[in-house]
Amino acid sequence: MIVSKRCQPQKLYLVPADLTVGQFVYVIRKRIKLSAEKAIFIFVDNVLPPTGALMSAVYEEKKDDDGFLYVTYSGENTFGSP
Numbered sequence: 113m114i115v116s117k118r119c120q121p122q123k124l125y126l127v128p129a130d131l132t133v134g135q136f137v138y139v140i141r142k143r144i145k146l147s148a149e150k151a152i153f154i155f156v157d158n159v160l161p162p163t164g165a166l167m168s169a170v171y172e173e174k175k176d177d178d179g180f181l182y183v184t185y186s187g188e189n190t191f192g193s194p
């Protein structure tokens, strides 16, 4: 399964099918070097998927016609502005 970020430059992530959404969020946090005081939320088809859901299940339910699963992520400062 490949997960793509639609911004330029485009980022593709190949993730194991048995990875949970929560584990995927952890991987993304590490890749974008997000600090601990910032929250991250991922959306698939404008919906926040359950953290315990398998990425393979999300993929099967929400994949695009081109075969890719498009994920949007958004961050939030959990302790206010620095």
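The sequence shown lines up with residues 113 to 194 when you count with the numbering used here. Positions of the beta carbon are idealized from the N, C-alpha and C atoms, including for glycine.
Bridge partners - residue i, DSSP secondary structure assignment
| i | result |
| --- | --- |
| residue 184 | 155 |
| residue 132 | 166 |
For residue i, the three-state DSSP class (helix, strand or coil)
| i | result |
| --- | --- |
| residue 174 | helix |
| residue 145 | coil |
| residue 179 | coil |
Validate contact between the segment 145-152 and the segment 164-178 using beta carbons, cut 8 Å, 3 pairs:
no
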